[in-house]
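Residue 15 in our numbering sits at position 8 of the sequence shown, and the numbers go up by one each step. Where a beta carbon is used, it is the ideal one built from N, C-alpha and C, also for glycine.
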Amino acid sequence: NTAGAMGLHGAAASIGQMFTLTVAYLIGVYVDWRYAFAFFGGVSVVTGLLLLRVPDVDLPEASERVSPFKILKVPNLWVIILFNVVLGLFQRGVELFFPAFISADRGFSGQSAAIANSVLLFFGVVGQLVGGKAADRYSSERVVIFASAGMVASMLILLLVPSPYIGVPLFVVLYGISLYGHQPAMTALLGRVSPPSLMGAAYGVMFFFAFGLGSASAAIAGYIADSFSLEASFWIMALFASMALVISLIIPRVIRRSRGASSAGAM
Numbered sequence: 008n009t010a011g012a013m014g015l016h017g018a019a020a021s022i023g024q025m026f027t028l029t030v031a032y033l034i035g036v037y038v039d040w041r042y043a044f045a046f047f048g049g050v051s052v053v054t055g056l057l058l059l060r061v062p063d064v065d066l067p068e069a070s071e072r073v074s075p076f077k078i079l080k081v082p083n084l085w086v087i088i089l090f091n092v093v094l095g096l097f098q099r100g101v102e103l104f105f106p107a108f109i110s111a112d113r114g115f116s117g118q119s120a121a122i123a124n125s126v127l128l129f130f131g132v133v134g135q136l137v138g139g140k141a142a143d144r145y146s147s148e149r150v151v152i153f154a155s156a157g158m159v160a161s162m163l164i165l166l167l168v169p170s171p172y173i174g175v176p177l178f179v180v181l182y183g184i185s186l187y188g189h190q191p192a193m194t195a196l197l198g199r200v201s202p203p204s205l206m207g208a209a210y211g212v213m214f215f216f217a218f219g220l221g222s223a224s225a226a227i228a229g230y231i232a233d234s235f236s237l238e239a240s241f242w243i244m245a246l247f248a249s250m251a252l253v254i255s256l257i258i259p260r261v262i263r264r265s266r267g268a269s270s271a272g273a274m
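Here it is, written out as structure tokens:
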């Protein structure tokens, strides 16, 4: 039930993201903006103290120090890293410019655009839960493929459906479920293919490529929007989403081939 647990973990985070801006806004408007920072800082401290009460789990100690760079030598990990790099290249750009895009190019008010962004996070919660359960029941590889296809379809719906009052809601639902639905499946898949002694390094590398290098997406999307238009920027994001779909189709083959090679070596 690894993917299901990851889904619950991610869903809780998405719920927090949904309400963070609203809570910060209300504190800033009705009290003082400084107290908004103090409130979230206090919540973080209390949460950290509560984590001290979580019981320890006995894990086997490593027989030797392992360099985190060894994770890059794991045979079938490169395709997962590549997927996360490409995913990051459009995820951050879409997140940053989606409200501006539907406001400037699709005629939505700023308030409606903000609401659409919050609703997207709500369906992200649904996606986390559904993706985690589906990965445990079927397979992480299949969930990643279907989620990637959903991301491509949602981008095309946003760009091609003539009526924004149909296209934008469909995008919000499908993109939210697909983007966040792949996360528990991908996290569980990474844990499955990584050696136990390198699992921590594997997660660190994955998040570095997805969120670190992937943050370049905002710069790419912004440059294209300034040089051409927001519409052109979202077409480039759709291209990156299509690349992620192609890579997701390769993942099962690479992992299957790696398992076959390991079995042959054991014999």
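State the Cα-Cα distance for the pair V133 and S185, rounded to the nearest angstrom.
Mapped onto the sequence shown, residue 133 falls at position 126. Mapped onto the sequence shown, residue 185 falls at position 178. If I take the Cα positions, the gap works out to 10 Å.
Report the option in V101, G198, P169 whose CA atom is closest to the CA atom of G229.
One-based indexing of the sequence shown puts residue 229 at position 222. Ranking V101, G198, P169 by Cα distance to G229 puts V101 first.
So what's R60 in DSSP terms, helix, strand or just coil?
To locate residue 60, count along the sequence shown from 1; it is residue 53. R60: coil per DSSP, three-state reduction.
What's the call for P202, buried or exposed, on a 16-neighbour Cβ count within 10 Å?
Stepping through the sequence shown from its first residue, residue 202 is reached at position 195. The residue is exposed, with fewer than 16 neighbouring Cβ atoms inside 10 Å.
Can you give the beta carbon distance from V182 to L256, rounded, assuming they're within the 8 Å contact cut?
Walking along the sequence shown from the start, residue 182 turns up at place 175. Walking along the sequence shown from the start, residue 256 turns up at place 249. According to the sequence as given, residue 182 is Tyr; it is not Val. Rounded, the Cβ-Cβ distance is 20 Å, inconsistent with contact.
Whose C-beta lies closer than 6 Å to the C-beta of V150 among residues of the same chain, with five residues either side of it excluded?
For the purposes of this step, residue 150 is taken as the residue at position 143 of the sequence shown. Taken in chain order, the residues that qualify are G138, A141, A142, A192.
Just how far apart, CA to CA, sit Y210 and A248?
Residue numbering aside, residue 210 sits at position 203 when the sequence shown is read from its first letter. Residue numbering aside, residue 248 sits at position 241 when the sequence shown is read from its first letter. Distance between the alpha carbons of Y210 and A248: 22 Å.
Rounded to the nearest angstrom, what separates F90 and K77 at their Cα positions?
Here residue 90 is taken as the residue at index 83 of the sequence shown, counted from 1. Here residue 77 is taken as the residue at index 70 of the sequence shown, counted from 1. Using only the alpha carbons, I get a separation of about 19 Å.
Please classify S116: is it buried, with 16 or more other beta-carbons within 10 angstroms of its beta-carbon, or exposed?
Taking the sequence shown and counting its residues from 1, the one referred to as residue 116 is at position 109. The residue in question, S116, is exposed, as its Cβ has fewer than 16 Cβ neighbours within 10 Å.
Alpha carbons only, please: which of L94, I88, S125 is nearest the one belonging to F105?
The residue given as residue 105 occupies position 98 in the sequence shown. For the residues L94, I88, S125, the minimum Cα distance to F105 belongs to S125.
Please classify L89: does DSSP put it in a helix, a strand, or coil?
Taking the first residue of the sequence shown as position 1, residue 89 is located at position 82. Note: L89 maps to helix in three-state DSSP.
Nearest to S222 by CA position, among I87, I34, Y32, V92, is which residue?
Here the question's residue 222 lines up with position 215 in the sequence shown. Here the closest residue by C-alpha is V92.
In chain order, which alpha helix (DSSP H) runs of at least 4 residues are fully inside the stretch 143-211?
147-167, 171-200
Please confirm if the stretch 158-168 is in contact with the stretch 223-242, defined as three or more CB-CB distances below 8 Å between the two stretches.
yes
May I ask you to report which of helix, strand or coil DSSP gives V38?
For the purposes of this step, residue 38 is taken as the residue at position 31 of the sequence shown. Coil.
Buried or exposed, going by whether 16 or more other CB atoms sit within 10 Å of the CB of S161?
Position 154 of the sequence shown, counted from the first residue, corresponds to residue 161. That one is buried.
Checking 9 Å against the spacing of the C-beta atoms, do I88 and M213 come in under that value?
Here residue 88 corresponds to residue number 81 of the sequence shown, with the count starting at 1. Here residue 213 corresponds to residue number 206 of the sequence shown, with the count starting at 1. One thing to note: I88 has its Cβ within 9 Å of the Cβ of M213.
Apart from the five residues just before and just after D112, which ones in its own chain have a Cβ nearer than 7 Å to its Cβ?
By one-based count along the sequence shown, residue 112 stands at place 105. Answer for D112: L237, E238, listed in chain order.
Could you tell me the distance, in whole angstroms, from the CA atom of S147 to the CA atom of R260?
The residue given as residue 147 occupies position 140 in the sequence shown. The residue given as residue 260 occupies position 253 in the sequence shown. Taking the straight line joining both Cα atoms gives about 13 Å.
Contact defined as beta carbons within less than 8 Å: I believe A156 pairs with H189. What is the distance between those atoms, to the nearest angstrom?
Locating residue 156 in the sequence shown gives position 149, where the first residue counts as 1. Locating residue 189 in the sequence shown gives position 182, where the first residue counts as 1. About 10 Å; that fails the 8 Å criterion.
Would you give the residue range spanned by the alpha helix (DSSP H) that A232 belongs to?
Against the sequence shown, residue 232 aligns to sequence position 225. Run containing A232: 223-234, per the alpha helix (DSSP H) assignment.
In this structure, does DSSP put R113 in helix, strand or coil?
Position 106 of the sequence shown, counted from the first residue, corresponds to residue 113. Looking at R113 - three-state DSSP - the assignment turns out to be coil, as it is neither helix nor strand.
Answer with buried or exposed for V175, where buried requires no fewer than 16 other C-beta atoms within 10 angstroms of its C-beta.
Walking along the sequence shown from the start, residue 175 turns up at place 168. Its Cβ being crowded by 16 or more others within 10 Å, V175 is buried.
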